[in-house]
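K.L.:
Structure provided below as structure tokens; questions to follow.
Residue numbers (our numbering): 1 to 295.
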């Protein structure tokens, strides 16, 4: 297993990452599905902006038993066990993609200052068949040959970043060829963009250590959520792409219908990856401004 910190809780040994100054404003980072908690390192701008960021492992990922809790709501309880152990009273929460659902349950059950959601699943979820059946989708979703696939994907990201980024965009964004080429070039032209993309891909491996958790979440999210919306009262900032091929617009609309203190920003950007490319830079700036305004 990767070099994570570990705390012994009622749910067993829970791995976590805790980076940034200990006296800084805390962000609980709820990672997307199919990536490890080390994906937080691809969002290093949070640390540069002075935040302390904590990412906590979920069931089925690495060595945490998939049956540790019965529901995605239980992820919030696991998160809280670690937050409590660290002696933190209140956090800001940042949920991405499938991690958005875990973030919403945390906001329902525990004290938080603010909530940011990017491309977040907010209720019943069904994987897009086109995305699943794409070249990258088949690589990620298959349970066979994970070790060699992991090595090949990382090697591709390092040696052929533009080509690899394009494969991600073709899977997760309803963009034309010209738009895909433009965004891929925007990412690699910036040293931080290329570096963070490689870090993001590294967090997807070893795939065999992440597959069970990813598929468990996809299966559980097929059921309607049991979120009690009136209990989420914190200020919320959500970002969704109008060309996201993974998380549909209904997830954004559900938030707008049920949360009173919310701002939803719609972008095209890089589809599901709303933080990629030039338009993604604006998403990052607005997210930083939101968190700082609530600190």
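Note that CB positions come from ideal geometry on N, CA and C, so glycine has one too.
Would you report the Cα separation of residue 103 and residue 221, rounded to the nearest angstrom?
P.N.:
14 Å
K.L.:
Confirm the yes/no value for this check: CB of residue 26, any heavy atom of the ligand NAD, distance under 7 Å.
P.N.:
Inclusion of the ligand NAD in the displayed structure is not the case, the ligand content being empty and no account of it being possible.
K.L.:
For the pair the stretch 38-52 and the stretch 105-120, tell me if three or more CB-CB distances fall below 8 Å.
P.N.:
Taking 8 Å as the limit for Cβ pairs, the verdict is that the stretch 105-120 does not touch the stretch 38-52.
K.L.:
Here's a check: name, in chain order, each residue in its chain whose Cβ is nearer than 8 Å to the Cβ of residue 27, leaving out the five neighbours to either side.
P.N.:
For residue 27, where only same-chain residues beyond five positions count, the Cβ hits under 8 Å are 46, 51, 52, 53, 54, 91, 92, 93, 94 and 291.
K.L.:
Count the CB pairs spanning the stretch 73-88 and the stretch 182-201 that are closer than 8 Å, and state whether there are at least three.
P.N.:
no
K.L.:
Going by DSSP in three states, residue 268 sits in which element: helix, strand or coil?
P.N.:
coil
K.L.:
Could you pull the DSSP bridge partners for residue 9 from this structure?
P.N.:
12
K.L.:
What does a CB cutoff of less than 8 Å around residue 230 pick up in its chain, not counting 5 residues either side in sequence?
P.N.:
none
K.L.:
Under a three-way DSSP split, which group does residue 166 fall into?
P.N.:
helix
K.L.:
Count the C-beta pairs between the stretch 199-213 and the stretch 252-262 that are closer than 8 Å, then say yes if the count reaches three, no if not.
P.N.:
no
K.L.:
Give me the Cα-Cα distance between residue 248 and residue 96, rounded to the nearest whole angstrom.
P.N.:
14 Å
K.L.:
Would you kindly check if the distance between the Cβ of residue 12 and the Cβ of residue 64 is under 8 Å?
P.N.:
It is a contact, given that the beta carbons lie within the stated cut-off.
K.L.:
I need the DSSP call for residue 181, collapsed to helix, strand or coil.
P.N.:
helix
K.L.:
Rounded C-beta distance between residue 239 and residue 283? I'm assuming under 8 Å.
P.N.:
5 Å
K.L.:
Return the CA-CA distance between residue 82 and residue 57, expressed in angstroms with no decimal places.
P.N.:
10 Å
K.L.:
In whole angstroms, what is the alpha-carbon distance linking residue 10 and residue 34?
P.N.:
25 Å
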